[in-house]
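Position in the sequence shown counted from 1, then plus 2, gives you my numbering.
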Amino acid sequence: MTIFTGKTEAAAITAGLNALNATREQVTVQVVAAARKGWLGIGRRDAQVDVQLKAPAAADAQPTSAAPQPPTSAAAAVTSTASAAPRETATATPAAHSAQPAQSAQNSAQRQAAITAVADYVSTIVAQLGIQATVDVQQPARRQVRLELATDKEGLLIGKHGRTINALQSLAQLFLNHHGAAHVIVELDVADYRERRRTTLARLAENTAREVVASGKPIYLDPMPSFERKQIHAALAKNRHVTTYSAGKEPHRAVVIEPA
């Protein structure tokens with residue numbers, strides 16, 4: 003593997019072509035790592051590409067197989083001309099289709115690079131907060147990433163009502179959105195806080211629903227982030243006695259539970 007770097011993928015490929023003294027048609031290129039601009043000056047990285055010369059045998063084989071036979075008559079010339087067009091179409095079609103897997107592989111590599119980078123980004127912010135923590139990256143699904151933080155300052159990292167870890171999670175999501183992984187959902191957790199919070203929210207939803215049914219009046223819950231509001235909605239989705247909706251503007255948007 004011969005790796006070349008540059009501020010952009012094009013610059014890295016150009017560096018490879020200059021080093022190998024070759025043209026673009028004479029080499030194969032594989033993107034190893036996409037370029038990153040960084041976020042607030044953190045996590046910047048040049049593009050990395052693997053540039054290899056094509057095998058000489060493959061280049062020599064093309065003229066031999068593509069060389070046309072001279073027509074022996076006017077009728078043969080017409081037949082040769084008529085059959086040439088389908089061959090051009092047939093060779094162009096696989097080339098167009100082959101670009102799709104290449105683009106998909108590049109997107110996958112860019113997404114994976116963003117997931118790796120977001121762990122470093124979160125680690126840097128946590129360190130700047132004066133908290134020593136390790137980050138374990140987990141991918142329970144293709145478009146889901148979970149960052150498990152381990153520290154002896156769990157309360158400080160979680161913050162009052164989870165505000166610190168929720169803010170870190172919002173920053174991590176913004177980082178992914180700006181680095182080619184907008185469809186990946188990130189979750190930050192420490193000391194199993196998220197599972198404990200889900201249990202608390204489910205209990206809050208059920209208790210509030212009973213109070214709403216008893217009083218016949220709607221109740222506004224405290225403002226909470228969107229992913230926690232979704233948990234409240236889901237907890238009461240099958241409750242036929244109440245309905246739920248969100249009201250207000252971020253960051254003060256809250257769930258309202260009212261009689262059905």
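We put the beta carbon where it would ideally sit given N, CA and C, even for glycine.
Item                                                                                                                                                    : Value
Within a Cβ cutoff of 7 Å, which residues of the same chain sit near Q134, ignoring the five residues on either side of it in sequence?                 : T153
Run through DSSP, which three-state label would A143 get?                                                                                               : strand
Taking DSSP's pairing of strands, which residues face F6 in a bridge?                                                                                   : V51
What do you reckon, is the C-beta of L173 under 7 Å from a heavy atom of the ligand ADP?                                                                : As for the ligand ADP, it is missing from this structure, which has no ligand bound.
Assign V34 to one of three DSSP states: helix, strand, or coil.                                                                                         : strand
In the DSSP assignment, find the unbroken alpha helix (DSSP H) run with A14 in it and report its ends.                                                  : E11 to L22
Going along the chain, which residues of its own chain have a beta-carbon closer than 7 Å to the beta-carbon of G30, five neighbours each way excluded? : Contrary to the premise, residue 30 reads as Thr rather than Gly in this sequence. Once the five neighbours on either side are set aside, the close Cβ partners of T30 are Q54 and K56.
Let me know if G18 comes out buried or exposed under the rule of 16 or more other beta-carbons within 10 Å of its beta-carbon.                          : buried
Rank E189, V188 and E230 by C-alpha distance to the C-alpha of R200 and give the top, closest one.                                                      : E230
How is the alpha helix (DSSP H) around T166 delimited, first residue to last?                                                                           : R165 to N179
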